[in-house]
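In what follows, a structure is listed as structure tokens, so that the remarks can point back to it.
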Ligand SMILES: Nc1ncnc2c1ncn2[C@@H]1O[C@H](COP(=O)(O)OP(=O)(O)OP(=O)(O)O)[C@@H](O)[C@H]1O
Ligand SMILES: [Mg+2]
């Protein structure tokens, strides 16, 4: 007895003098006999990210959630600004439970999800909870699992991230199907946006970026800023970015009271609401229709999150 399980002998090289190529062949045959995991239906996941803080991620993500819901997509938004969540305020929701209880195993996904007055579902984050800003490994894995569970019941999943490149933020970007990078025309914001692209491209060379330039005071400045950003990204990290559009600086956004319905719902005729609708339409076009699709379990969002976690 050499202690090797009988079923393993043929592939261990202990019998028959199989060389490395032979073992590879047997291994591949064995793999192909195993029943493949059933594909699962999964929402399109869109991470809304930025380098600099305050560029308008939460404003954009909550507005898009309402517009996509109204366009007939089953839409959920996840407040991934760990510890500094605010999407519930922008959507007029008062949550009793948040990601904090969900990730601690004290509540289920269904108990934590809220349906906002405008229709999209919200997975609220915790606000002012310092320990949520630094998730443990166990919490990160629980987060990945819950993203996977949520994605199975939706068409689109918007992930509203905190600014910057904290590990949980980077992992969420890496796991998402698309990254909407929100920036501003100022050089400091563009430099920070480039830093995010560089950081992601180092780990994942197929990441897909769409750029929104917000706080634009002169029409057309957004596209000029985008051209500078994509040129630098192409030259230095070989990444081509795609332009989603610009959003004008508009005092009505700041004046909008917290707890009210989002502006796209409360003031749908406003120019701001129209430009957000144009962005939602273009997002739908660029992402190829924002429809859920079947993915093998090993390529689903939870698996992608876990795989990237190993390399960070
Ligand atoms: N186009 C705009 N015109 C005027 N004000 C805007 C515009 N977009 C966003 N704002 C305002 O800018 C502030 C920051 O917006 P928001 O909270 O959406 O940014 P954020 O990127 O999510 O910030 P953080 O990095 O802190 O998560 C808010 O007060 C918001 O109302
Ligand atoms: Mg925010």
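Numbering (the numbering used here), first residue to last: 12 to 323. We put the beta carbon where it would ideally sit given N, CA and C, even for glycine. In this text, all values refer to a predicted model and were calculated from it rather than measured experimentally.
- Task: Tell me whether residue 109 is buried or exposed, calling it buried when 16 or more other Cβ atoms sit within 10 Å of its Cβ.
- Result: buried
- Task: Give a yes or no on whether the C-beta atoms belonging to residue 258 and residue 207 are separated by under 8 Å.
- Result: no
- Query: Which class does residue 127 belong to by DSSP, given the choice of helix, strand or coil?
  - Reply: coil
- Measure the Cβ-Cβ separation of residue 61 and residue 192 and say whether it is below 8 Å. yes
- Measuring CB to CB, does residue 94 end up less than 8 Å from residue 140? yes
- Task: Spell out the partners DSSP gives residue 54 in its beta bridges.
- Result: Bridge partners of residue 54: none, in fact.
- Task: Hey, could you find the ends of the beta strand (DSSP E) residue 190 is sitting in?
- Result: 189-194
- Query: Between the segment 83-94 and the segment 213-230, do at least 3 Cβ pairs fall closer than 8 Å?
  - Reply: no
- Task: Could you pull the start and end residues of the alpha helix (DSSP H) that residue 160 belongs to?
- Result: 148-162
- Kindly provide the chain-ordered list of residues whose Cβ lies closer than 7 Å to any non-hydrogen atom of ligand 2. 68, 69, 92, 97, 171 and 173
- Message: With the cut-off set at 8 Å, would you say residue 51 and residue 314 are in Cβ contact?
- Response: no
- Query: Where residue 185 and residue 321 are concerned, what is the direct C-alpha to C-alpha distance, given to the nearest angstrom?
  - Reply: 12 Å
- Item | Minimum C-alpha distance to residue 161 - residue among 254, 122 and 173 | 122
- Message: On the criterion of 16 or more Cβ atoms from any shown chain inside 10 Å, does residue 228 qualify as buried, or is it exposed?
- Response: exposed
- Beta-bridge partners of residue 254, as assigned by DSSP: 222
- Item | Range of the contiguous alpha helix (DSSP H) that encloses residue 97 | Element bounds for residue 97: n/a, residue is neither H nor E.
- Message: Could you compute how far the alpha carbon of residue 213 sits from the alpha carbon of residue 201?
- Response: 18 Å
- Task: Could you check how far apart the C-beta atoms of residue 284 and residue 274 are, in whole angstroms? I think they sit under 8 Å.
- Result: 6 Å
- Short Cβ contact (8 Å threshold) for residue 240 with residue 169: no
- Item | Short Cβ contact (8 Å threshold) for residue 143 with residue 111 | yes
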